[in-house]
Amino acid sequence: MEWTDETIDRLKGLWTEGLSTAEIGRRLNISKNAVVGKAHRLDLPARPSPIRRDAGMAARPRPPAPRRVSGPTLPSFAALSPAMPSRPAAPVAGRPNLVAAGFSGITRTAPRTPACCWPIGEPGTPSFRFCGDPSLAGKPYCGPHAEIAYVRVRDRREDVA
DNA sequence: CCCTGATTCGC
DNA sequence: GCGAATCAGG
Numbered sequence: 018m019e020w021t022d023e024t025i026d027r028l029k030g031l032w033t034e035g036l037s038t039a040e041i042g043r044r045l046n047i048s049k050n051a052v053v054g055k056a057h058r059l060d061l062p063a064r065p066s067p068i069r070r071d072a073g074m075a076a077r078p079r080p081p082a083p084r085r086v087s088g089p090t091l092p093s094f095a096a097l098s099p100a101m102p103s104r105p106a107a108p109v110a111g112r113p114n115l116v117a118a119g120f121s122g123i124t125r126t127a128p129r130t131p132a133c134c135w136p137i138g139e140p141g142t143p144s145f146r147f148c149g150d151p152s153l154a155g156k157p158y159c160g161p162h163a164e165i166a167y168v169r170v171r172d173r174r175e176d177v178a
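Right, dumping it as structure tokens:
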């Protein structure tokens with residue numbers, strides 16, 4: 018876009034008339050963004066903006082918007098590997114001991130003892146957790162919970178009968 | 001979805 | 001300097 022004195026004057030005129038940026042863009046056959054960008058550069062009086070970017074949400078320093086980039090966008094595997102955790106996280110109080118149960122994070126020492134995934138508490142509440150005790154070989158639950166989980170076909174038949 | 005204006009930042 | 005992309009609110 019070539020901003021001649023004339024187009025700048027037209028922009029200023031339409032701007033002071035209170036036309037929307039998109040409308041000015043239509044009249045000048047340019048994009049709304051071009052209008053806003055130029056108006057900003059010319060220090061034209063700002064319009065009432067629907068956006069509140071100042072006070073009110075100072076707590077959150079908005080993460081930078083994703084940027085267009087012109088080369089390869091995937092990092093190499095080598096670049097990624099240093100990010101691999103070398104230690105498992107410490108157990109959290111009030112939570113099942115997942116480390117002891119075998120969820121030791123990323124590790125190379127197989128096999129692991131899987132943690133019992135029997136749900137305890139109300140899902141969606143803060144206290145909800147899984148049992149986490151070592152589970153039976155080949156089963157998702159520990160001994161006591163496997164007892165509850167697996168109902169023998171024999172028993173069910175007797176119930177029905 | 002449509003609209004609005006403001007800001008960022010690759011070009 | 002330019003303006004598309006993006007944001008954020010109506």
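All residue numbers for the first sequence refer to the working numbering, where the first residue is 18 and numbers rise by one.
C-beta: ideal position from N, C-alpha, C; glycine also.
| task | Can you give me the start and stop residues for the alpha helix (DSSP H) that Lys29 sits inside? | result | Here the alpha helix (DSSP H) through Lys29 covers Asp22 to Thr33.
| Separation of Lys49 from Glu23, as counted between CA atoms | Each residue's CA atom was taken as its position, placing Glu23 and Lys49 some 18 Å apart.
| message | In this structure, how does DSSP classify Ala179 when only helix, strand and coil are distinguished? | response | What is shown of the chain runs 18 to 178, which leaves residue 179 out entirely.
| field | Close Cβ partners of Pro92 (< 8 Å) along its chain, the five nearest in sequence each way excluded | value | For Pro92, the pLDDT reaches just 48, beneath the cut-off of 50, and the residue's location in the model is therefore unreliable, leaving the point undetermined.
| said: For a test of the three-state rule: what should DSSP assign to Pro143, helix, strand or coil? | reply: The three-state reading of DSSP puts Pro143 in coil, since its state is none of H, G, I, E or B.
| query | With 16 as the cutoff for other CB atoms within 10 Å, does Ile25 come out buried or exposed? | reply | Burial call: exposed.
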